[in-house]
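Have a look at the structure below before the remarks.
4 protein chains.
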Amino acid sequence: MNASVKKGEVVTLIDEQFKKYLVNVSGTTDKYKGIGVFDPASLVGKTYGSRIEIGNKQFWLLTPSLQDKLQGLKRRAQIILPRDAAQIIMHCSIESGHRVLEAGIGSGSLTIALATAVAPTGKVISYDNREDFIAHALTNLQIANLASYVITKHQDVTEGIDEKNLDAIILDIPNPWEAVTHVWNVLKPGGYFCSYSPLTSQVEQTVAAVQQHPFIEVMTLENIQREMVVSSHGMRPKFDMLGHTGYLTFARKVL
Amino acid sequence: MNASVKKGEVVTLIDEQFKKYLVNVSGTTDKYKGIGVFDPASLVGKTYGSRIEIGNKQFWLLTPSLQDKLQGLKRRAQIILPRDAAQIIMHCSIESGHRVLEAGIGSGSLTIALATAVAPTGKVISYDNREDFIAHALTNLQIANLASYVITKHQDVTEGIDEKNLDAIILDIPNPWEAVTHVWNVLKPGGYFCSYSPLTSQVEQTVAAVQQHPFIEVMTLENIQREMVVSSHGMRPKFDMLGHTGYLTFARKVL
Amino acid sequence: MNASVKKGEVVTLIDEQFKKYLVNVSGTTDKYKGIGVFDPASLVGKTYGSRIEIGNKQFWLLTPSLQDKLQGLKRRAQIILPRDAAQIIMHCSIESGHRVLEAGIGSGSLTIALATAVAPTGKVISYDNREDFIAHALTNLQIANLASYVITKHQDVTEGIDEKNLDAIILDIPNPWEAVTHVWNVLKPGGYFCSYSPLTSQVEQTVAAVQQHPFIEVMTLENIQREMVVSSHGMRPKFDMLGHTGYLTFARKVL
Amino acid sequence: MNASVKKGEVVTLIDEQFKKYLVNVSGTTDKYKGIGVFDPASLVGKTYGSRIEIGNKQFWLLTPSLQDKLQGLKRRAQIILPRDAAQIIMHCSIESGHRVLEAGIGSGSLTIALATAVAPTGKVISYDNREDFIAHALTNLQIANLASYVITKHQDVTEGIDEKNLDAIILDIPNPWEAVTHVWNVLKPGGYFCSYSPLTSQVEQTVAAVQQHPFIEVMTLENIQREMVVSSHGMRPKFDMLGHTGYLTFARKVL
Chain A
149 MNASVKKGEV VTLIDEQFKK YLVNVSGTTD KYKGIGVFDP ASLVGKTYGS
199 RIEIGNKQFW LLTPSLQDKL QGLKRRAQII LPRDAAQIIM HCSIESGHRV
249 LEAGIGSGSL TIALATAVAP TGKVISYDNR EDFIAHALTN LQIANLASYV
299 ITKHQDVTEG IDEKNLDAII LDIPNPWEAV THVWNVLKPG GYFCSYSPLT
349 SQVEQTVAAV QQHPFIEVMT LENIQREMVV SSHGMRPKFD MLGHTGYLTF
399 ARKVL
Chain B
149 MNASVKKGEV VTLIDEQFKK YLVNVSGTTD KYKGIGVFDP ASLVGKTYGS
199 RIEIGNKQFW LLTPSLQDKL QGLKRRAQII LPRDAAQIIM HCSIESGHRV
249 LEAGIGSGSL TIALATAVAP TGKVISYDNR EDFIAHALTN LQIANLASYV
299 ITKHQDVTEG IDEKNLDAII LDIPNPWEAV THVWNVLKPG GYFCSYSPLT
349 SQVEQTVAAV QQHPFIEVMT LENIQREMVV SSHGMRPKFD MLGHTGYLTF
399 ARKVL
Chain C
149 MNASVKKGEV VTLIDEQFKK YLVNVSGTTD KYKGIGVFDP ASLVGKTYGS
199 RIEIGNKQFW LLTPSLQDKL QGLKRRAQII LPRDAAQIIM HCSIESGHRV
249 LEAGIGSGSL TIALATAVAP TGKVISYDNR EDFIAHALTN LQIANLASYV
299 ITKHQDVTEG IDEKNLDAII LDIPNPWEAV THVWNVLKPG GYFCSYSPLT
349 SQVEQTVAAV QQHPFIEVMT LENIQREMVV SSHGMRPKFD MLGHTGYLTF
399 ARKVL
Chain D
149 MNASVKKGEV VTLIDEQFKK YLVNVSGTTD KYKGIGVFDP ASLVGKTYGS
199 RIEIGNKQFW LLTPSLQDKL QGLKRRAQII LPRDAAQIIM HCSIESGHRV
249 LEAGIGSGSL TIALATAVAP TGKVISYDNR EDFIAHALTN LQIANLASYV
299 ITKHQDVTEG IDEKNLDAII LDIPNPWEAV THVWNVLKPG GYFCSYSPLT
349 SQVEQTVAAV QQHPFIEVMT LENIQREMVV SSHGMRPKFD MLGHTGYLTF
399 ARKVL
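Chains as they are written, first to last, in this note's numbering: chain A, 149 to 403; chain B, 149 to 403; chain C, 149 to 403; chain D, 149 to 403.
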């Protein structure tokens with residue numbers, strides 16, 4: 149027997165254009181963007197995986213997955229895409245129980261991916277020098293039910309890091325090289341540093357700063373994703389493609 | 149004060165060519181490939197992050213990270229590389245507590261990445277129709293200290309799947325399309341299917357099989373990684389590049 | 149002293165958005181798309197390379213280059229882009245004096261590139277089974293001043309080729325494999341065959357057909373172009389990218 | 149009836165590993181690298197396109213194509229590959245009759261491609277500040293039967309260019325930005341400049357220099373080629389791939 153929606157849960161609704169909406173079924177009757185006016189409580193008791201009708205639109209009803217949380221996110225700043233978040237988590241060896249720092253928080257996209265990776269026993273500490281970004285990201289984290297794994301700080305990471313003995317530090321800021329000394333100081337031995345930057349000049353300055361400290365496994369990657377169109381007539385890469393996201397620079401602290 | 153090696157631990161040794169060796173410090177004096185003759189117990193008490201000398205070679209001494217476990221792996225079959233494992237875990241939304249099935253186990257490379265992602269409360273169930281692969285992968289899982297998260301089965305996944313209500317199923321077999329009906333039957337609603345195949349013909353047959361069942365978010369990706377060479381003279385993509393690993397086909401079960 | 153526009157010439161006008169227009173200065177006063185109402189004869193005597201004003205728009209005035217002819221082309225069907233035309237010409241070793249067959253003519257884009265490569269002593273023979281495409285392409289060839297190097301035929305290349313001893317044959321048709329026997333028959337020994345196809349299934353069928361005949365140097369390529377954004381702040385690949393054009397399959401006839 | 153080898157011709161021999169050798173049939177009996185001891189005159193009268201035996205090795209006998217000339221080249225310096233030469237010729241709109249300058253000459257690889265493109269009525273002027281490179285490249289040009297289209301100069305292009313009114317200028321030197329002023333001075337209006345550089349820092353400096361002069365259509369490209377492995381079991385990109393050649397920066401002179 150398949151599970152059904154219970155009071156207090158957050159659900160994913162996916163429409164016929166595969167647009168995703170995260171909805172808390174405890175919410176009140178209101179106009180929901182992309183869905184229309186409806187009472188979220190009416191979803192209680194419906195079967196997960198089934199197709200339901202709201203107004204005259206069809207939706208798939210699902211338990212929110214990490215992908216749903218990332219794709220259903222309300223964006224404000226430019227985000228780190230799931231494809232890059234995946235490489236960051238893998239390359240920095242982030243796992244359950246780790247204490248990981250990121251800066252800045254942006255819209256909370258990478259934060260959601262990191263919080264999922266360190267749960268249930270780890271923590272993400274997230275610095276941003278803009279309070280409005282922190283507030284916006286926290287809203288996204290709450291709907292994703294991940295806020296309890298995240299500590300936010302209204303602080304500029306280039307001015308210092310309070311925490312010690314961190315497993316990994318991820319920077320998505322315009323001037324990562326200015327934080328590299330702090331990064332080395334507060335990483336645990338063997339801990340990983342990653343910087344995400346769109347421009348080659350940012351990479352060059354960051355690598356130069358990294359080389360001033362005892363880091364090994366210094367490496368810069370670019371991660372490219374091609375989607376394939378597959379039909380009964382054959383397959384081909386999609387014509388429409390995102391040509392660049394950012395360069396990922398990695399390093400690992402030693403003594 | 150930095151942590152030091154304790155009895156019973158497994159450590160990473162990284163040599164000057166950045167080759168990695170996982171060593172159990174409870175092991176006996178022996179000839180270790182790439183290291184030479186030495187007594188692992190002599191590492192007890194050394195500081196993690198420091199550089200040590202064994203024979204006349206220098207090594208970094210570190211706590212094994214996921215990357216170390218993957219790069220230190222003893223290979224037998226062709227492996228799924230960390231870059232693709234990362235996309236699989238992210239795209240299939242695999243997280244702590246999930247029950248995930250993979251087939252085949254190969255050398256246990258993807259198994260290690262999946263086990264790390266579902267720990268400490270989830271499980272990886274791994275099918276392979278070759279007992280020698282299972283035995284070899286288990287050795288790799290034990291040295292990585294992840295065997296307790298993995299259940300292995302000497303079974304052909306195209307002939308049926310015993311488990312039910314799985315969060316995700318990942319196939320790296322020559323004929324994934326023959327398992328798609330079983331996959332749909334045992335995934336939980338909203339659960340993810342992924343198939344990894346080097347050839348376009350495998351993708352076409354798998355997508356055709358997927359389209360016979362209620363799956364949404366069907367998508368095929370190719371994941372390309374370019375390493376950049378960064379120096380004080382400027383940067384450029386590396387000349388030497390891996391041109392292809394495999395196509396990743398994803399789908400998500402609905403009712 | 150720089151050259152100036154003479155009666156009877158065709159010129160390139162490039163506007164501030166870098167859109168290109170090929171204009172015959174013998175034309176009559178009319179409304180020209182993208183330019184406005186003007187008298188082309190007013191361009192006679194102006195200096196090539198200078199900036200001129202027509203109405204209230206600014207244009208660079210230039211002698212038409214091959215790029216101008218290709219970018220100023222009026223499109224009707226999907227075209228083979230200059231990036232792929234370049235590889236075709238190089239890989240098929242097409243040069244001045246060669247006799248080259250192409251099918252179909254489409255909008256005449258590849259035809260323009262081929263005609264330029266074989267001029268002044270060679271010929272392009274162009275087959276298409278749609279008369280409207282031939283008529284449209286001929287208009288483009290005339291404005292590019294290349295029509296004298298091209299012979300068009302309203303004929304289906306899969307039903308046979310009249311010419312003999314050709315230096316190269318390029319196919320951009322949905323079913324290239326059906327013409328492969330004719331191709332082998334009429335190529336000179338050492339002559340090159342190229343097929344341009346977007347789908348993997350087309351490539352597979354074409355290669356299978358090629359392998360039925362004495363061809364060597366059989367090879368399939370995909371040609372990817374990334375544009376870089378370069379500024380004083382650094383550089384990066386452009387976000388917007390064309391993900392795929394087509395696969396190029398090459399083969400060379402032997403006896 | 150197929151053509152046969154005549155006295156005085158240069159032929160291509162292709163062995164079973166598809167390695168290519170250009171041989172002048174007027175040569176004397178000698179040991180030829182990759183072929184063995186043989187008398188080139190023995191090839192006279194053999195049919196082009198046929199398979200012949202020399203010693204106990206099999207060779208295809210062909211008229212040298214541009215690809216043969218490029219692949220049969222004796223290399224000394226790093227060369228510009230045909231894939232990039234193709235883009236340069238197309239993007240710079242080089243055609244029969246043009247006068248084109250390149251620097252440096254290297255092993256003469258780009259020179260061969262350019263000479264073929266400007267023949268029979270154009271000229272390539274090639275500067276290099278190393279006499280040994282010029283001598284080596286001339287040997288390659290002679291065997292390719294293209295030396296008559298090329299004028300070489302033992303001269304540093306950053307110190308000045310003697311020619312005027314050039315159709316295109318291509319630089320493959322470590323410091324292209326130091327020649328940009330000379331380039332602008334001697335290009336004809338509408339003429340093209342191209343610089344080939346492996347490093348991002350070279351691109352940045354070159355673009356900065358270009359922006360000091362009246363150039364339009366300034367653009368930097370990277371050209372990536374993937375070879376596909378096609379068999380009756382399906383197709384896939386080749387695992388082994390050249391990850392980078394160089395960045396191509398283009399610009400076009402206006403007044």
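Glycine included, every Cβ here is placed at the ideal spot set by N, Cα and C. This structure is a prediction, so every number in the text was calculated from the model and none was measured.
Check whether chain B comes within 8 Å of residue i, counting only Cβ atoms and requiring the distance to be less than that.
i	result
Thr348/D	yes
Val402/A	yes
Lys168/D	no
Indicate whether residue i and residue j have their beta-carbon atoms separated by less than 8 Å.
i	j	result
Gln206/C	Glu243/C	no
Leu249/B	Tyr275/B	yes
Gly197/D	Val402/C	yes
Ser174/D	Lys154/D	no
Leu214/D	Thr264/D	yes
Arg384/D	Thr348/B	yes
Lys336/A	Ile299/A	no
Arg374/C	Ile228/D	no
Asn172/D	Ile291/D	yes
Please confirm if residue i has its CB atom under 8 Å from at least one CB of chain C.
i	result
Ala356/D	yes
Met383/A	yes
Arg374/A	yes
Ala234/D	yes
Ala399/D	no
Determine the direct distance from the alpha carbon of residue j to that of residue i, and round the result to whole angstroms.
i	j	result
Ala295/A	Ile318/D	57 Å
Lys179/A	Phe186/A	7 Å
Gln350/D	Asn293/D	34 Å
Thr104/D	Lys217/D	Shown here, chain D extends from 149 to 403; a query on residue 104/D therefore has no answer.
Leu209/D	Val334/C	19 Å
Phe398/C	Thr354/C	10 Å
Arg247/B	Gly382/A	34 Å
Gly338/B	Pro324/A	38 Å
Asp232/B	Ala233/A	13 Å
Pro182/D	Pro212/D	According to the sequence as given, residue 182/D is Gly; it is not Pro. Rounded to the nearest angstrom, the two C-alpha atoms are 17 Å apart.
Gln235/C	His392/C	15 Å
Ser152/C	Gly193/C	5 Å
With respect to 7 Å, is the separation between the Cβ of residue i and the closest non-hydrogen atom of the ligand ADP below this value?
i	result
Gly156/B	The ligand ADP is not part of the structure shown, which contains no ligands of any sort.
For the putative contact between residue i and residue j, defined by C-beta atoms under 8 Å, what is the C-beta separation to the nearest angstrom?
i	j	result
Leu369/C	Leu390/C	Rounded, the Cβ-Cβ distance is 16 Å, inconsistent with contact.
Leu289/B	Gly245/B	Not really, about 19 Å apart at Cβ, beyond 8 Å.
Leu262/B	Gly220/B	The pair is not a contact, with the Cβ atoms about 17 Å apart (cut-off 8 Å).
Gly394/D	Pro346/D	5 Å
Arg459/D	Glu352/D	This structure does not reach residue 459/D, given that chain D is present from 149 up to 403, and the question cannot be answered.
Tyr297/B	Val266/B	6 Å
With a threshold of 8 Å between beta carbons, is residue i in contact with chain A?
i	result
His239/B	yes
Gly391/C	yes
Asp388/C	yes
Tyr344/B	no
Arg231/C	no
Ala267/B	yes
Can a CB atom of chain D be found closer than 8 Å to the CB of residue i?
i	result
Ser274/C	no
- Take every Cβ of the segment 236–255 of chain D, pair it with every Cβ of the segment 328–345 of chain D, and state whether three or more of those distances are shorter than 8 Å. yes
- Task: Say whether the segment 270–286 of chain B touches the segment 215–231 of chain B, bearing in mind that this needs 3 or more beta-carbon pairs closer than 8 Å, one atom from each stretch.
- Result: yes
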